[in-house]
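Pasting the structure below:
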């Protein structure tokens, strides 16, 4: 899951976000691997680990075997966000829609999860759930005659977010090819 976090988030902010956005969908963790972030080593989290029977493990600096996959995913996500927000942390598109990096995260996550990865030949969504999600732009009608103006604006906003996310995936994919990692994006206009 791609969740927007801020440097000034407290241990409580993090606990609430994880409860609302992760645990409510996946259930409790058996183990959390942390890079010794004070949020997870705080008294609050120590008590939460004890209460829920979650084990807290620490990664070792410069030891990718501990959580190398997570670190690689974080690097990929940072690249995607950096390119996604190339206009700045907040920008207004040509149709007047205002976007900031937090509101664009779901489009980025959808683009990532529905992109075929060369290492598996499958999308992360397929590996996680056993099926690919039905995407909004697969079913949205091209002809918006007699559609409420707000619905029309929402469709335009979704199209713009999809195009932007697809472009970002292509850029990150080409960068990853240089590093020997390939992600093939199959988000295409229909």
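Residue numbers (the working numbering): 4 to 193. Beta carbons are placed, not taken as given, at the ideal position from N, Cα and C, and that holds for glycine.
Straight-line gap, residue i to residue j (C-alpha atoms, nearest Å)
{"i": "residue 170", "j": "residue 56", "result": "42 Å"}
{"i": "residue 86", "j": "residue 22", "result": "29 Å"}
{"i": "residue 179", "j": "residue 73", "result": "16 Å"}
{"i": "residue 114", "j": "residue 76", "result": "14 Å"}
{"i": "residue 84", "j": "residue 28", "result": "24 Å"}
{"i": "residue 38", "j": "residue 181", "result": "28 Å"}
{"i": "residue 54", "j": "residue 31", "result": "11 Å"}
{"i": "residue 71", "j": "residue 163", "result": "33 Å"}
{"i": "residue 156", "j": "residue 124", "result": "35 Å"}
{"i": "residue 165", "j": "residue 120", "result": "18 Å"}
{"i": "residue 20", "j": "residue 177", "result": "33 Å"}
Residue of the options minimising C-alpha distance to residue i
{"i": "residue 161", "options": "40, 111, 82, 77", "result": "111"}
{"i": "residue 8", "options": "35, 106, 39, 28", "result": "106"}
{"i": "residue 64", "options": "40, 82, 127", "result": "40"}
{"i": "residue 61", "options": "12, 19, 35", "result": "35"}
{"i": "residue 18", "options": "51, 84, 30", "result": "51"}
{"i": "residue 116", "options": "138, 103, 177", "result": "138"}
Same chain, Cβ closer than 6 Å to residue i, neighbours up to 5 away in sequence not counted
{"i": "residue 129", "result": "135"}
{"i": "residue 82", "result": "175"}
{"i": "residue 192", "result": "At residue 192, the pLDDT of 41 sits below 50, so the modelled position is not reliable and the matter cannot be decided from this model."}
{"i": "residue 205", "result": "For residue 205 there is no data in the structure shown, the boundaries of the chain being 4 and 193."}
{"i": "residue 127", "result": "116"}
Chain-order list of residues whose beta-carbon lies under 7 Å from that of residue i (same chain, five-residue window excluded)
{"i": "residue 14", "result": "42, 45, 47, 48"}
{"i": "residue 24", "result": "4, 6"}
{"i": "residue 59", "result": "35, 37, 43, 52"}
{"i": "residue 108", "result": "5, 7"}
Secondary structure of residue i, DSSP reduced to three states
{"i": "residue 50", "result": "helix"}
{"i": "residue 32", "result": "coil"}
{"i": "residue 162", "result": "helix"}
{"i": "residue 82", "result": "helix"}
{"i": "residue 10", "result": "coil"}
{"i": "residue 103", "result": "strand"}
{"i": "residue 156", "result": "helix"}
{"i": "residue 61", "result": "strand"}
{"i": "residue 37", "result": "strand"}
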